[in-house]
Each structure stands twice: as C-alpha cells, then as structure tokens.
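Have a look at the structure below, then the notes.
2 protein chains.
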Amino acid sequence: MGRSFDSGPDGSVHSGRDNPRATGAVRLSDVAAAAGVAAMTVSRALNQPELVSERTRERVQRAVIETGYVPNRVAGALASSRSKMVAVLVPTVAHSLFADVVQSITDTLALEGYQVLLGLTGYQTTEEAAVVETVLSRRPDALVVAGTRHSEATRARLKAARIPVVEMWDMSDDPLDMLIGFSHREVGAAVAGYLLACGYQRFGQAMADDPRSHQRAEGFNARIEVEQAARPDSGIAVMTCWADTPATLVGGRTATASLLADMPDCEAIVCSSDTLAMGVIAEAQSRAMVVPETLAVMGFGDMSFAAATWPSLSTVRIDGAEIGRLTAEHLLKRFNAANPEPVGEVLDVGFEIMARQTTLASRSALPS
Amino acid sequence: MGRSFDSGPDGSVHSGRDNPRATGAVRLSDVAAAAGVAAMTVSRALNQPELVSERTRERVQRAVIETGYVPNRVAGALASSRSKMVAVLVPTVAHSLFADVVQSITDTLALEGYQVLLGLTGYQTTEEAAVVETVLSRRPDALVVAGTRHSEATRARLKAARIPVVEMWDMSDDPLDMLIGFSHREVGAAVAGYLLACGYQRFGQAMADDPRSHQRAEGFNARIEVEQAARPDSGIAVMTCWADTPATLVGGRTATASLLADMPDCEAIVCSSDTLAMGVIAEAQSRAMVVPETLAVMGFGDMSFAAATWPSLSTVRIDGAEIGRLTAEHLLKRFNAANPEPVGEVLDVGFEIMARQTTLASRSALPS
DNA sequence: CCAGTTGATGTTAGCGCTATCATTGCGCTT
DNA sequence: AAGCGCAATGATAGCGCTAACATCAACTGG
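Note that the protein sequences, when read in sequence, are chains E and L.
Going by this note's numbering, the first sequence opens with residue 2, and the numbers climb by one from there.
Going by this note's numbering, the second sequence opens with residue 2, and the numbers climb by one from there.
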C-alpha cells in the first residue's frame, strides 16, 4: 500500500521506469507491488481467479483499480501462445450478408473474451493469400474464412498454422477442417421447384457472373430440365442473362431489358441477388408492367429492404447471423477442448424461401 | 544452406526445438541460420530493407521462402511497442453506413500494412467502456470510434492510452483528438430548405428515437420556423412521429399511419433513415396514394437500395467510404510523423441531398 | 509425530522479436 | 601510415507476460 511502484525492497525484477524501452504504462509488477504480492499472483488473480484465495483476489482487484492497470495482452499472447483473437476473412463487409456474419461472430466470441481480427480479401484469390499471411502473423487462435476455393499456397499456410479453421458460406466436398454453410445448387433447385409449383413456366434468370451464382443457376436449370422431361409439351423454358459483378440496380434493369427483348412472354425473373431484383422491379414498373401479375420476381439474400418494398420482394433467406453464431460456438468449444485437432465436420444451415408479394402463390388459378 | 536450423556453431541464443515453451513455428533465428546471417539482419532485411545490402537482402529473401517463415508480429509488437493494428469501434457493422466506413478504413490502412481490430459497441455507453478496455489491452497504435458521446471512464482510458484517437460520424465541440464527421443539425436544415424550395408546406417527420435523429429533427424544425416567421400566413406546418430504434419497415408504416391520421393534408414525410422511408412508401402505396404526387418522401443514408426502388428514393447521402478513407489517411500521416501528439483537428465531410423521384422538384408548378 | 498431500504463492526462465550499442571493413583524407 | 567517417552487420539485453517448477504452510492419517 505505502510501497512505491518502482522498486520493491529487493530491487524489482523489472528494470523500472528509468529503462528506455519500457512503455511507461502500468505493468503487472506495478499492480503486484501495490497489492503486496508477486506478479504471478496478480496474473493468476486476473486469469485463473479460482487458483487464488479470496482475500488475495480482493486485494489485487483493488490494486488494479487503484493503479488503472490495463493488461498487455500482446505480452500475454507471446508468453502463453494464446492470443484470444480470431481472424475473420470475408470478401467485403459492405454487403449485409457478410456483415451479419461478422457481427454475429464478434458478438458470440465476445462472450468469452475473444476478439475479431478482420481481414477483407476482396473477390480475388491472389489478395486472399496476402491477407492470410498478414493475419497469421498475428498468431490468431483460429481463422474463419468465407468460401472454400483457396489457392494451394493458402491451404498450405492454413495447415501449417495448426489452428482451427472454419470455412463458411459455401459447401464443399473436402473441407480443410470445419465447414458451415449451405448448398447453392440446392437453393437454385428449390427456387425452381417453388416457382413451378406456383404455376410459372417461362423463366428469365438475371444472374451476377460469380461462381456461387453459377452454382445456383445450375441447380435451377437442373430442376427445370427434370420438369421439362416430365411434361414435354408444357412450354417450360429458361433464358439466362449474366450481369456484371458486383450486382447493381442498373445491372438488373439492363438484364431485364435484355431478357424481355428475347423472351417477351417471360413470366418470372429469378435473380442472383436482391439488388438485381430491385433493378428488375424498377425496370418493370418503368415499363408499366405490373409485378407480380405481369412479371414475377425472385431475389436472393433477403436483405433488409426486401421485406420493405412494395410489392415486397420474394427471395431466399440465408441466416448469416446463424452461420456466425454456429461458427463462433464451434470455435469456443474447440478452444475449451483438450484436443484441438481438425475435425472435418460439415454443417449445412440450409436456407428459406421467403414467398412475398413479387410472386403469386397460385398463378395457375389466374387467367393466363 | 547446409546448416541445421537448430544450432549455430556457437550454440544459438535460442534454446532450440527441444524447449517445451517454443511454439514449433519457424523463427527469425531459423531464417537467420538458413541465410547464414544474424537474426537482427533478417529482421532488418524484412522491416527496413534499405539498411541491408542487396546481396544479403536476397539471401534472406530466399531463406524466408525456403523455411516458410511467417513473422510473429506478436513478439514484434512487444519488442517495438508498435502493433500495426488500429482498433475500430462502431455500434454495429450490420448497417451499411458503418460497414462502408469499416471497409474503407481497412482497405486504406492495408496499403501500409496496418490491420483492423474490430470492436462492436452496440448502442449502449456501458458496453462501449468494456469494449474500449478490451481493445486497448491489445495495444493498438490508434483507435477509431464512432460517435462523440463517451463516458468519463472511457475518455480517461483513451487519454491514458496515449495513442491517436479519431472520433468519426458526428460533430462535436470538444473532440478528444481528431474528429471527422458531419453536422446532423445542418442535414436537417438542408432537407427543410430543399423541400421548401420544392414548394412543400405540410410536413410529417418519421424519426427514429436516437440522439442523432433528434439533432436532425431540430435542424429541420429550426429552418421551418425561420420560414414560418418570414411567411406567417403560408400554412407551413410540421408534425413529428418518433419511431422505435432500430428503425424498421414496420416502424415507417406505423409512423405514416399515425402522421396521416393527425395531418391528412400532409404533403411530404421526412425520415431519419432510408429504411423508415421504404416503410412510408409501402404504406402510401398500400393506401393507393401516389408517390411523389400525393405524398413526397425523403430518406436518410442513401443506402444501396435507395436508388434502386421505383420510384427511386430522394435521400441524404453521407459518404461513409470517404470518412473511412480520411480517417485512415490521417492516421497513417500521424504514424509516419515524428510527433504523435493529439491535434484537436476537426474535419467536416458534409453531405449531399440526392433529389430523386420521391420528391418533386417544382411542386409549386402543379395544381394543388 | 512425521511422511504425504493439498492449496496458495513465489521464483525462474523464457516466448520471438527489436532498440541500442558495439564491431567490422572499406574508402578517403592529411 | 594513421586517422576519420560511413555503411553493413553482429551481440546483447530486454519488451511484459505466463508455463513450469519450487517453496511453504496447513492439514491428513497411521
């Protein structure tokens, strides 16, 4: 209590405030001196309180407040080789789907004191490799990455890092470790099934030209082909228009114009994102077409505005928050487990078709 | 080349692979052994290449690749007390405005090898204090925080940390250090001025009940009062309806219903967010009111969908990416400067009124 | 009453890097 | 030839923390 922070009676282990390399911040040993215990005891009182007697714990607590101590986790991480950080790599955060995931991971990890180191990879694999290396240099306790297509160099680095890795967002046949996502093919097939059930037959697809959209388009077409085979004379048909990435409103309008030019009797347009779908609706309305009576529209993503438009947008909902939560919970379980070995587990979180006003549930009941 | 990594001829400084506390990862000294130089030289070759001869630099480069070395920046940060990390604290990232800022900061800082440590504070000041302490324990080189209202404890911690602090998003009279944002009052006043110029006189306000929206509402009302004083018999009037936070579509619809009930001749509804505005439009359309002829709508935020709707949403654009870029550039300048003292600088990035289809530029020319 | 056990605390020795100063070799001057 | 300055490299000593082991008192049971 009455003791100086700078020197114990024995001359403290640390070189004290006069050392040119010291940061000047309050250290564990300062708190220890204030509490009249050893530095190690303070460390334990803060990190493993159950190992310390209640009386000591309280004294340390008081000394921490008194000195205004903020632990230096950089030093802690170096000494213990546990950083309590999780690197999260997503292409961008300026997109509500990934933003939801990041938000949810951050919130869930925070419950046990873990923090998120954010890495934005862009949409290029080359950039990903650089970001992975930078992020690994911080020695995170785990790494979460969106997507399953990594360069060989990246895969090697991730394996060499010997930390839990969660791939999310996409499904894959050979996950590096843990995988949490959904199948884009199945989304496409489900959308086709839904629209067929509604009674639609003439389809346009306005898709952004990226790998995931391609998978959804494939799933869609596969389901349509099954139906064509089952009902050869039904007049079921699909046209696809590929838009530039990233998807924009204008892209949706342009795609719609193109699709309507080639397929004037198009009944429904399926989009690879809600943003494109908004463009489709805008183009339709500007042509005085009535949505959904004249033209149905289907989006993807269930972004915040999808439910808010008039007519509200039918779309596919991916629960990004759920993916994030599951990811974080899985990691916390791994951290607390004795054995941190890769598990090779795969979790399909699925998706939900949100039937709203831009599609008609029973179009077949209407006069065509 | 033919040398073992584990022991130099002199018996290496480090205890080698048999030490139980070593991580097993490739270390600087391993690279040094492979390149036949001292560890310090490798460190310099990587961090201050200009201090090393070209021949040595190349040898080191080769050794790095050969050994698969990934620097341990945790150790580096401890030794140099520079972490090359910037903490970014925002209420949420599941909101495109903040997401844009985070994206932009991350991208810009990455140019000079800095990384972002993300902290999500929620909308409560109590949470902010805890998050600030946690991130400071990582000893970031700077801290960026959205908003200017901090608890005393937070302000004290930030000052004690002795690192550059950038407050962003709001204006304030007494910034802690650097401040980059815009004036919410001025936004409100500008929106009022714009709508008055269009010829509107009967206004509704659908505002989320948060401090920033209050400031905008104040600015709006102040401008309206000036006009009322100038033209006492004009019939200019405002009604305000406060919606719950966070703003939702349904909140917008409810607010609209309430406003129209109290002010049936309402000509224009001003919203505190684009999301609320979408709700207003949806409610209007469901009542067969024509936007903008019967009811004009004004949003805030210029979110991605604002330009995409039909009719497209008139709103106020804040350039989140610009705020992020300026923030990051300011910090980089500070990092490279000799003197890292607080600057007390304030930067107003302003805003832009995006006149789109939900407002009529010359309503006065129409028959009322 | 003493070896064995337990719980609480202290001591020591690094974690892997970089700041700092020391050393070396080389070209140049006087 | 001795002295100087400079560029390149090396050796040393920590940064602030925690793993691992050591110590010590207070018990336990035979």
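Where is the CB? At the ideal position from N, CA and C, for every residue including glycine.
The Cβ-Cβ distance between methionine 179 of chain L and aspartate 142 of chain L does not fall below 8 Å. By the neighbour-count criterion, in which a residue is buried when 16 or more other Cβ atoms sit within 10 angstroms of its Cβ, glycine 182 of chain L is buried. In the structure shown, glutamate 113 of chain E falls within a coil segment according to DSSP collapsed to helix, strand and coil. Annotation for threonine 328 of chain E: the continuous alpha helix (DSSP H) segment containing it runs 321-337. Close CB contacts of leucine 296 of chain L within its chain, under the 6 Å cut and outside five residues either way in sequence, are with Ala285, Met290 (chain order).
By the criterion of a C-beta distance shorter than 7 Å, arginine 56 of chain E is surrounded by no residue of its chain, once the five residues flanking it on both sides are discounted. By DSSP's assignment, glycine 69 of chain L forms no beta bridge with any residue. Secondary structure remark: continuous alpha helix (DSSP H) runs of at least 4 residues inside the region 18-82 of chain E, in chain order: 29-36, 40-48, 55-68, 74-81. Residue environment: proline 233 of chain L is assigned as exposed (fewer than 16 neighbouring CB atoms within 10 Å of its CB, all protein chains considered). Close CB contacts of alanine 362 of chain L within its chain, under the 7 Å cut and outside five residues either way in sequence, are with Cys199, Ala356 (chain order). In terms of CA proximity to glutamine 104 of chain E, E/Leu119 leads the group E/Leu119, E/Glu187, E/Ala283. Segment contact: the region 221-240 of chain L against the region 201-212 of chain L, three or more CB-CB distances shorter than 8 Å; contact assigned. Nearest CB-CB separation between asparagine 48 of chain L and chain E: not below the 8 Å threshold. Annotated three-state conformation of phenylalanine 306 of chain L is coil, per DSSP. For a Cβ distance threshold of 9 Å, nothing in chain L lies close to glutamine 62 of chain E: the least Cβ distance comes to about 15 Å. For the set L/Ser84, L/Ser54, L/Ala34, L/Gly345, the Cα lying nearest the Cα of valine 65 of chain L is the one of L/Ala34.
Of all alpha-carbon atoms in E/Ser274, E/Cys267, E/Met264, E/Val89, the one lying nearest the alpha-carbon of valine 251 of chain E is that of E/Ser274. For the 8 Å CB-CB criterion, valine 71 of chain L and leucine 137 of chain E form a contact.
For proline 72 of chain E, a Cβ of chain L is located within less than 8 Å of the residue's own Cβ. One finds Asn73, Val75 in chain E with Cβ atoms closer than 7 Å to the Cβ of arginine 140 of chain L, taken in chain order. In chain order, Glu228 place their CB closer than 7 Å to the CB of leucine 197 of chain E, counting only its own chain and leaving out the 5 sequence neighbours on each side. Excluding residues up to 5 positions away in sequence, Val281, Glu284 lie with their Cβ nearer than 6 Å to the Cβ of threonine 257 of chain L in the same chain. Cβ neighbours of glycine 321 of chain E within its own chain (closer than 6 Å, five residues either side excluded): Leu98, Asp101, Val102. Interface criterion not met: the Cβ of leucine 90 of chain L is under 8 Å from no Cβ in chain E.
Residues of chain E whose Cβ lies closer than 9 Å to the Cβ of glutamate 323 of chain L do not exist, since the nearest Cβ in that chain is about 13 Å away. DSSP places glycine 253 of chain E inside the alpha helix (DSSP H), whose first and last residues are 250-263. Comparing C-alpha distances from leucine 327 of chain E to each of E/Val38, E/Ile106, E/Glu226, E/Ala76 shows the shortest one belongs to E/Ile106. Residue contact with chain L for isoleucine 282 of chain E: present (Cβ-Cβ distance below 8 Å to some residue of chain L).
Arginine 203 of chain E sits in a strand when the DSSP states are folded into three classes. Of the candidates L/Gly69, L/Ala88, L/Pro265, the residue whose Cα lies closest to the Cα of tyrosine 115 of chain L is L/Ala88. Contacts with chain L (Cβ-Cβ distance below 8 Å) from the region 91-110 of chain E involve Thr93, Val94, Ala95, His96, Ser97, Ala100, Asp101, Val103, Gln104, Thr107, Asp108, listed in chain order.
Inter-residue distance for lysine 160 of chain E and serine 30 of chain E is about 38 Å (C-alpha atoms, whole angstroms). A distance below 8 Å separates the beta carbons of glutamate 187 of chain E and glycine 220 of chain E.
Close CB contacts of arginine 45 of chain E within its chain, under the 7 Å cut and outside five residues either way in sequence, are with Leu52, Val53 (chain order). Taking a 10 Å sphere around the C-beta of glutamine 125 of chain E, we find fewer than 16 other C-beta atoms and assign the residue as exposed. Taking a C-beta cut-off of 7 Å against chain E, the contacting residues of the region 19-36 of chain L are Thr24, listed in chain order.
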